[in-house]
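S.K.: In my numbering, the protein residues as written are 33 to 464.
By construction, the Cβ of each residue, glycine as well, lies at the ideal position given by its N, Cα and C atoms.
Please read all numbers here as calculations on a predicted model, not as lab measurements.
For reference, the structure I am asking about is given below.
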Ligand code: DSN
């Protein structure tokens, strides 16, 4: 077969882009060579519908072992007793939990999308908002932090079957204890989607959600630094709140319902190459080296948030507890949108994403905010001393944006890009 030069050339170009630029998208990271190797392996050839030891295909004796290792390591990382490592993504993991728990039309609660929530927590354009009845809670305007009093008031009014903690753009830790009290008052199951801060949670740098939450879901590719994918974990298994019975007449356990919801509920064959790669990443995350990495991620984020505030930017909630921060541009640059900044910074080889901020006055296509995170640059080896330098470069570009042309001058962009490329030369992708 002829080598597909077209696609391999694009892969080469993407690698160059990653190497030359400053990657600040809070949900992205750079995996290790062994994580990459496992993902690009012959495991992709295997069909393995079912679970280790209970498959619908022959020849699963090897993938059974790697999937079991992934499960065991995931449980060790989060001190869980059950893990399903098959979800193809975080959205699939969330979908599976809803399918296992809810009936179509059931009410559940999640953080409002425009306040930092996630599409799969009840957006009307996502299956979660089409099949079920989402009710949103919010952050408080004054603090930028989740308003637990409002959450309780809403829960007492709408009696949700499920309450979801977790967000896509929220830089503060969660009060899972308070949320469990609220959930218990209304008989709801409490789930945390920890996709963003999973690595910090696994290493004990943030509150432990499984102390209070019945279930957690996560992606595996953000702070956890594994391949793209999702998983679902439980520490204390529990009986189906809907009281469904096994053929023997016993009430079904939630772990079994979740396994059935993932396969055959919403997915077919698991991606065994990705699962092997997840196992490798979990092994890395169990190491002391990863502990040093994730501590540095948080330190870098704190320094970066401070540097933005020192430059007069409004960081929502006044800082960060985790790897990310959300910046409201309206205070310093009322005329500049998140879209203009994202598009202009990319020309200077700095990647961020535009993001709505709580109580935004612009649409999700324009936005008034930026979301910034440190997992990827920390993997490249950047330490806190470089955070103010990066903020300086970003501020230099934003200050030069003309709201009429929606971009900065070519001279400014070229000058900043040269600085960025020079700096990143010292931090090779796989040096760590
Ligand atoms: N797209 C992910 C993020 O950037 O947070 C969430 O799905």
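Does the Cβ of residue 188 have 16 or more other Cβ atoms within 10 Å, making it buried, or fewer, making it exposed?
M.R.: The residue given as residue 188 occupies position 156 in the chain shown. The C-beta of residue 188 has fewer than 16 other C-beta atoms within 10 Å across all chains shown, which makes the residue exposed.
S.K.: In chain order, what are the residues with a CB under 5 Å from some non-hydrogen atom of the ligand DSN?
M.R.: 59, 200
S.K.: For residue 405 and residue 224, I'd like the C-alpha separation in whole angstroms.
M.R.: The residue labelled residue 405 in the question sits at position 373 within the chain shown. The residue labelled residue 224 in the question sits at position 192 within the chain shown. One C-alpha to the other measures close to 20 Å.
S.K.: With DSSP as the reference, label residue 405 as helix, strand or coil.
M.R.: Within the chain shown, the letter at position 373 stands for residue 405. Strand.
S.K.: Would residue 98 pass as a contact of residue 307 if the rule is Cβ separation under 8 Å?
M.R.: Taking the chain shown and counting its residues from 1, the one referred to as residue 98 is at position 66. Taking the chain shown and counting its residues from 1, the one referred to as residue 307 is at position 275. For residue 98 and residue 307, yes; Cβs fall inside 8 Å.
S.K.: The beta strand (DSSP E) that contains residue 356, what's its start and end?
M.R.: As a working note, residue 356 is residue 324 in the chain shown. Its beta strand (DSSP E) spans residues 356-360.
S.K.: Thinking C-beta only, is residue 70 closer than 8 Å to residue 384?
M.R.: By 1-based counting over the chain shown, the position of residue 384 is 352. By 1-based counting over the chain shown, the position of residue 70 is 38. In this structure, residue 70 does not lie closer than 8 Å to residue 384 by Cβ.
S.K.: Using the DSSP secondary-structure output, state which residues sit across from residue 141 in a beta bridge.
M.R.: What you label residue 141 is simply residue 109 of the chain shown in a count that begins at 1. For residue 141, the beta-bridge partners assigned by DSSP are 167, 195.
S.K.: Whose C-beta lies closer than 6 Å to the C-beta of residue 231 among residues of the same chain, with five residues either side of it excluded?
M.R.: Indexing the chain shown from 1 puts residue 231 at position 199. Around residue 231: 255, 256, 326.
S.K.: Alpha carbon to alpha carbon, what distance is there between residue 38 and residue 127?
M.R.: In the chain shown, the residue the question calls residue 127 occupies position 95. In the chain shown, the residue the question calls residue 38 occupies position 6. Straight-line measurement puts the Cα of residue 38 at about 36 Å from the Cα of residue 127.
S.K.: Would the segment 232-241 and the segment 119-133 be scored as touching if the rule is three or more Cβ pairs under 8 Å?
M.R.: The segment 232-241 makes no contact with the segment 119-133, as fewer than three CB pairs between them are under 8 Å.
S.K.: Can you find at least 3 beta carbon pairs, one from the segment 435-451 and one from the segment 91-110, that sit closer than 8 Å?
M.R.: no
S.K.: Tell whether a beta-carbon distance below 8 Å holds between residue 360 and residue 395.
M.R.: Within the chain shown, residue 360 is the residue found at index 328, counting from 1. Within the chain shown, residue 395 is the residue found at index 363, counting from 1. Not a contact, by the Cβ cut-off of 8 Å.
S.K.: Check the DSSP bridge columns for residue 383 and list the partner residues they point to.
M.R.: Walking along the chain shown from the start, residue 383 turns up at place 351. Beta-bridge pairing links residue 383 to 55.
S.K.: Can you tell me whether DSSP reads residue 82 as helix, strand or coil?
M.R.: To locate residue 82, count along the chain shown from 1; it is residue 50. Looking at residue 82 - three-state DSSP - the assignment turns out to be strand.
S.K.: Is the CB-CB distance between residue 350 and residue 364 below 8 Å?
M.R.: Taking the first residue of the chain shown as position 1, residue 350 is located at position 318. Taking the first residue of the chain shown as position 1, residue 364 is located at position 332. Inclusion of residue 350 and residue 364 in the CB contact set at 8 Å is not warranted, their separation being larger than that value.
S.K.: How many whole angstroms separate the CB atoms of residue 84 and residue 100, which I take to be in contact at a CB cut-off of 8 Å?
M.R.: Indexing the chain shown from 1 puts residue 84 at position 52. Indexing the chain shown from 1 puts residue 100 at position 68. Indeed they touch by this definition, with Cβ atoms about 5 Å apart.
S.K.: Along the chain, where does the alpha helix (DSSP H) containing residue 462 start, and where does it finish?
M.R.: Numbered from its first residue, the chain shown carries residue 462 at position 430. Segment: none, residue 462 is in no alpha helix (DSSP H) and carries neither H nor E.
S.K.: Tell me whether residue 157 is buried or exposed, calling it buried when 16 or more other Cβ atoms sit within 10 Å of its Cβ.
M.R.: The sequence position of residue 157 within the chain shown is 125, counting from 1. Counting other Cβ atoms within 10 Å of its Cβ, residue 157 stays below 16 and is therefore classed as exposed.
S.K.: Is it a yes or a no for the segment 68-82 touching the segment 207-215, going by three-plus beta-carbon pairs under 8 Å?
M.R.: The segment 207-215 and the segment 68-82 do not touch, with fewer than three beta-carbon pairs separated by less than 8 Å.
S.K.: Would the beta-carbon of residue 456 fall within 8 Å of that of residue 54?
M.R.: In the chain shown, residue 456 corresponds to position 424, counting from 1. In the chain shown, residue 54 corresponds to position 22, counting from 1. Yes, they are a contact pair.
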